[in-house]
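Each residue of the sequence shown is one higher than the last, beginning at -14 in my numbering.
Shown next, in structure tokens, is the structure this report addresses.
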Amino acid sequence: MPQQVRGVVAKSKGAPTEVVTITLPDPGPRDVVVAIAACGVCHTDLAYREGGINDEYPFLLGHEAAGTVEQIGDEVTHVAVGDYVVLNWRAVCGQCRACKRGRPWYCFDTHNASAPMTLEDGTELTPALGIGAFADKTLVHEGQCTKVDPEADPAVAGLLGCGVMAGLGAAMNTGHVERGDSVAVIGCGGVGDAAIAGARLAGASTIIAVDRDARKLAWATDLGATHTIDGSQVDDVVAAIQELTDGNGADVVIDAVGRPETYETAFYARDLAGTVVLVGVPTPEMRLELPLVDFFSRGGSLKSSWYGDCLPERDFPMLVDLYRQGRLPLEKFVSERISLDDIESAFHKMEAGEVLRSVVEL
-14 MPQQVRGVVA KSKGAPTEVV TITLPDPGPR DVVVAIAACG VCHTDLAYRE
36 GGINDEYPFL LGHEAAGTVE QIGDEVTHVA VGDYVVLNWR AVCGQCRACK
86 RGRPWYCFDT HNASAPMTLE DGTELTPALG IGAFADKTLV HEGQCTKVDP
136 EADPAVAGLL GCGVMAGLGA AMNTGHVERG DSVAVIGCGG VGDAAIAGAR
186 LAGASTIIAV DRDARKLAWA TDLGATHTID GSQVDDVVAA IQELTDGNGA
236 DVVIDAVGRP ETYETAFYAR DLAGTVVLVG VPTPEMRLEL PLVDFFSRGG
286 SLKSSWYGDC LPERDFPMLV DLYRQGRLPL EKFVSERISL DDIESAFHKM
336 EAGEVLRSVV EL
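So this is what it looks like as structure tokens:
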């Protein structure tokens, strides 16, 4: 029968979030009820509240989550009751043209739960990224659940559900950083610092962190940056990156901000035939103007990274294992552990650059 639980809901644009009672329907044939143990506070949740994703209010926020499978539909085979899982928003279909071409990380028909969660009055909720995990429990498609080592701290493991995976994957999957490469990362929030950690894990020899906030540069150093550039203190960031790379520019430059000016910096800060990876999310009105001849003459690759080009079934267990072995310091991304009632405060701290991740524990 349907269950009633607590959930954090954004009811209108810009309005403070509310902790309310929500109703979970019985799971459909391939749906799963997951009891949430922890969920990170991501900038995407704030974007939903502010109407930056769409206007399908009310939203059930939260998506960077880990928890335990509590109930399954009749046709579920992917997970079982009691499994410890990290939730993902790339439940690949296996049938679309991307999947059939062996590129499931580009899947064009990802799955979500078959029935909506609702408010007590029956109003349908739009779950953030098809998950909605600022709640005691949530309803997702079985393909949105990835089993990982149950000994992993859920506050840490859940971060792979979005931002940390996006950054790690931007370096390792999209940028294909290799041993001995030079890497520059522009923007050292959660995603950028994850890209730095990914570059370090991949064996990059020079990892340059670029930001305008000294606190963020300190975090970047702690996560593997070998050099830092404070953009507020130098006149030419491109020249500063070139100076640290024998005058050549970096092999891979990752833009974790997603603005025209940061992308232009990334474009010119790479070596000839180098790679630019855009993982920061721009807004629709942003425009970029560069001489077309520079695209031709510099060669190399210009890539966008969506969710770090990850395959949850492949990447989540591997990365959790590396964390458990002490080779990937995911715990450093957890700045504070909070309750459902602290979401608004966490949003303010995130906007002020005071935290890498606030994590709700339930």
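From the three backbone atoms N, C-alpha and C, an ideal C-beta is built for every residue, glycine too.
The structure presented is a predicted model; accordingly, all values stated were derived computationally and were not measured.
Bounding residues of the alpha helix (DSSP H) (the contiguous stretch that carries residue i)
i	result
residue 65	Element bounds for residue 65: n/a, residue is neither H nor E.
residue 169	Run containing residue 169: none in the alpha helix (DSSP H); it sits in the beta strand (DSSP E), 167 to 171.
residue 186	175 to 187
residue -2	Neither: residue -2 is in no alpha helix (DSSP H) and is coded neither H nor E.
residue 226	222 to 228
residue 141	139 to 142
residue 156	Per DSSP, residue 156 belongs to no alpha helix (DSSP H) and is neither H nor E.
residue 82	82 to 85
Which residues DSSP lists as bridging residue i, in chain order
i	result
residue 292	Bridge partners of residue 292: none, in fact.
residue 248	None; residue 248 has no bridge partner.
residue 343	321
residue 24	50 and 345
residue 253	Beta-bridge pairing links residue 253 to no other residue.
residue 196	215
residue 191	167
Where residue i falls: helix, strand or coil (DSSP)
i	result
residue 126	strand
residue 161	coil
residue 149	helix
residue 109	strand
residue 212	strand
residue 131	strand
residue 44	strand
residue 299	helix
residue 104	strand
residue 326	helix
residue 266	coil
residue 279	helix
residue 70	strand
residue 287	strand
residue 16	strand
residue 95	coil
residue 258	strand
residue 77	coil
residue 337	coil
residue 307	helix
residue 34	helix
residue 315	helix
residue 207	helix
residue 273	coil
Bounding residues of the beta strand (DSSP E) (the contiguous stretch that carries residue i)
i	result
residue 53	49 to 57
residue 118	Element bounds for residue 118: n/a, residue is neither H nor E.
residue -5	-12 to -5
residue 3	3 to 9
residue 240	235 to 240
Buried or exposed by the 16-neighbour rule on C-beta atoms within 10 Å, applied to residue i
i	result
residue 278	exposed
residue 255	buried
residue 182	buried
residue 312	exposed
residue 280	exposed
residue 213	buried
residue 39	exposed
residue 332	buried
residue 299	exposed
residue 348	Because the chain in this structure spans residues -14 to 347, residue 348 falls outside the shown range and cannot be described.
residue 85	exposed
residue 15	buried
residue 1	exposed
residue 167	buried
residue 66	exposed
Cβ pair residue i, residue j closer than 8 Å
i	j	result
residue 192	residue 209	yes
residue 49	residue 143	yes
residue 63	residue 128	yes
residue 151	residue 42	no
residue 179	residue 153	yes
residue 200	residue 338	yes
residue 346	residue 322	yes
residue 285	residue 263	no
residue 253	residue 223	yes
residue 170	residue 239	yes
residue 301	residue 186	no
residue 22	residue 52	yes
residue 103	residue 8	yes
residue 26	residue 55	no
residue 35	residue -1	yes
residue 98	residue 126	yes
residue -6	residue 110	yes
residue 423	residue 140	No answer is possible for residue 423: it lies beyond the span of the chain, which begins at -14 and ends at 347.
residue 296	residue 90	yes
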